[in-house]
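If you read the sequence shown in the numbering used here, its first letter stands for residue -12, the second for the next number, and so on.
Ideal Cβ positions, reconstructed from N, Cα and C, are used throughout, including at glycine.
Fair warning: this is a prediction, and the values are worked out from it, not measured in the lab.
First the structure, in the form of structure tokens, and then the observations on it.
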Amino acid sequence: MTLATLAFLLAAAQPVAADGFEQPDRWTASASDGVASKVSDVPGDAGRALRLDYDFGSVSGYAFAARTLPIDWPDNYVLRVKLRGEGGVNDLQLKFTDASGDNVWWVQKLNFRPSAQWQEVRIRPRDLEFAWGPTTDKSLRHTGRMEIVLVRGRDGGKGHVEIDDLTLEPLPPAPPPLPPKASAPAVLDGDKSTVWHGRPGQVLDLDLGAPQRLSALLLDWQGKAAYRVEGSLDKRAWQTLRTVDAGDGGQNPIALHGAESRYLRIRLIGEGALAEVAVKDIDWAPTSNDFISRLASQAPRGRYPRGFTEQPYWTLVGTDGGAIAGLIGEDGAIEPAKGSYSVEPFLTVNGASVDWADVTTSQSLVDGNLPIATTSWQGQGWT
-12 MTLATLAFLL AAAQPVAADG FEQPDRWTAS ASDGVASKVS DVPGDAGRAL RLDYDFGSVS
48 GYAFAARTLP IDWPDNYVLR VKLRGEGGVN DLQLKFTDAS GDNVWWVQKL NFRPSAQWQE
108 VRIRPRDLEF AWGPTTDKSL RHTGRMEIVL VRGRDGGKGH VEIDDLTLEP LPPAPPPLPP
168 KASAPAVLDG DKSTVWHGRP GQVLDLDLGA PQRLSALLLD WQGKAAYRVE GSLDKRAWQT
228 LRTVDAGDGG QNPIALHGAE SRYLRIRLIG EGALAEVAVK DIDWAPTSND FISRLASQAP
288 RGRYPRGFTE QPYWTLVGTD GGAIAGLIGE DGAIEPAKGS YSVEPFLTVN GASVDWADVT
348 TSQSLVDGNL PIATTSWQGQ GWT
């Protein structure tokens, strides 16, 4: 594909080929100290594609491919790019820089693991955030350079990412959201005493009125339920968004993490009694952490890790200059490596669950000065 002047072609309001990656020599590779990178030309999904190889070795850092790429951004758009590759879990960034080189907008895909098959990533205006720079006007209007960046995350190591078919499609202004409609209106009436009863295989349909990016469904069940949540843009091609095999009743919060659908349906695997459905758009919880924060804010204090509702304090643990560093928090939570899981302490005392909100915590160093951090819990009546 030939690179065209995007500002001219956008007037046609059709998807524009920002870069088909047919000419990889337009891209240059670079990396931070101790990290290796190179770009090459490989077969793409259609035609040729760009390949970025990286090797983090034993250090933290980043590898990237960059090129001059002028883009005039419309007010509403969808930016699409296809990705595949091999390697561990690291952080992927797409960066766009203005003509000065000082102001940067980016999309971050944390804990990104490339798949062997082509995946299309869709980026909307709310996904492309201002990262840094001296400008006081952070609106994205024109950029002159693009970078594709791999930052060492959980796994590091070496691998590659292949990139193809970068397109920018202008879109009309997003319409205001419409109230959803359901094939069983009882689930949208705000009254938990009115219930939709279904048998295995039955479907509850929801019509959102227009395509929406979603963050969650909140489903209130009377009793246990097993079901699938499916989504569609056109009511013909359906995608399974979530499967719940053993719902325990009450409110089931279902994370959808930016899924885009106009139509939703809840397909019962077993019998079920659904009292209420609440559809939450992307602004309600833009990220997985935001989703958990929403749940934590409605739960008893201490049920979730402190960091989802309050400011926690952490200290670094590991060896000086080591490749892996972990964290230990003021409540005793441990994150063994950057971007990995966390272990949150809970106790059962005389049959009752005890969490960080139920105890008094204190922190210390071994022998008072050795750099080995310890968190201690003291509960009421403990000896």
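{"Item": "On the DSSP bridge list, what partners appear for Q104?", "Value": "According to DSSP, which records beta bridges pairwise, Q104 is partnered with nothing at all."}
{"Item": "Please name the residue or residues paired with I253 in a DSSP beta bridge.", "Value": "L191, V216"}
{"Item": "For A212, which residues from the same chain have a beta carbon less than 6 Å from its beta carbon, with the 5 sequence-adjacent residues on both sides left out?", "Value": "G234, G259"}
{"Item": "Distance, Cα to Cα, Q199 vs F43?", "Value": "39 Å"}
{"Item": "Can you check whether the CB of I150 is closer than 9 Å to the CB of K82?", "Value": "no"}
{"Item": "Using only the alpha-carbon positions, how far apart do L334 and W208 sit?", "Value": "30 Å"}
{"Item": "For K222, count neighbouring C-beta atoms within 10 Å of its own C-beta (all shown protein chains included) and say buried if the count is 16 or more, exposed if not.", "Value": "exposed"}
{"Item": "Within 10 angstroms of its Cβ, does G31 collect 16 or more other Cβ (buried), or is it exposed?", "Value": "buried"}
{"Item": "My output table needs one value for V144: the three-state DSSP class, helix, strand or coil.", "Value": "It should be pointed out that residue 144 corresponds to Gly in this sequence rather than to Val. Three-state result, G144: coil."}
{"Item": "With a threshold of 9 Å between beta-carbons, can T306 be considered close to chain C, or not?", "Value": "In the displayed structure, chain C is absent; only one protein chain is listed."}
{"Item": "Taking 9 Å as the cut-off, decide whether the C-beta atoms of G319 and W364 are in contact.", "Value": "yes"}
{"Item": "For the putative contact between A50 and V22, defined by C-beta atoms under 8 Å, what is the C-beta separation to the nearest angstrom?", "Value": "5 Å"}
{"Item": "For a minimum of 3 consecutive residues, which ranges assigned as the beta strand (DSSP E) are wholly contained in the stretch 226 to 287?", "Value": "226 to 234, 237 to 242, 247 to 255, 259 to 268"}
{"Item": "Among R252, G143, T274, which has the Cα closest to the Cα of G185?", "Value": "R252"}
{"Item": "Got a sec? Which residues, its chain only, sit under 6 Å from V190 by beta carbon, not counting five neighbours each side?", "Value": "R252, R254"}
{"Item": "My understanding is that A197 touches P162, with C-beta atoms under 8 Å, so please give their C-beta distance in whole angstroms.", "Value": "5 Å"}
{"Item": "Decide if Y328 is buried, meaning its Cβ has at least 16 other Cβ atoms within 10 Å, or exposed.", "Value": "exposed"}
{"Item": "Do G75 and D142 count as a contact pair if the criterion is CB distance below 9 Å?", "Value": "yes"}
{"Item": "List the endpoints of the continuous beta strand (DSSP E) containing P358.", "Value": "357 to 365"}
{"Item": "Can you tell which of V266, L195, A36, L175 has the C-alpha that lies nearest to the C-alpha of L205?", "Value": "V266"}
{"Item": "Kindly confirm or deny that the stretch 85 to 95 and the stretch 103 to 119 touch, where touching means at least three C-beta pairs closer than 8 Å.", "Value": "yes"}
{"Item": "By alpha-carbon positions, which one of A262, L261, F278, E263 ends up nearest to I269?", "Value": "F278"}
{"Item": "Out of R13, P157, P101, which has the shortest C-alpha to C-alpha gap to W60?", "Value": "P157"}
{"Item": "Can you give me the start and stop residues for the beta strand (DSSP E) that Q335 sits inside?", "Value": "It is Thr, not Gln, that sits at residue 335 in the sequence shown. T335 -> beta strand (DSSP E) spans 334 to 336."}
{"Item": "What would DSSP say about F295, mapped onto helix, strand or coil?", "Value": "helix"}
{"Item": "Based on Cα-Cα distance, which residue from L153, S126, G120 lies nearest to V108?", "Value": "L153"}
{"Item": "Report the rounded CA-to-CA distance for D342 versus P332, giving the unit in angstroms.", "Value": "7 Å"}
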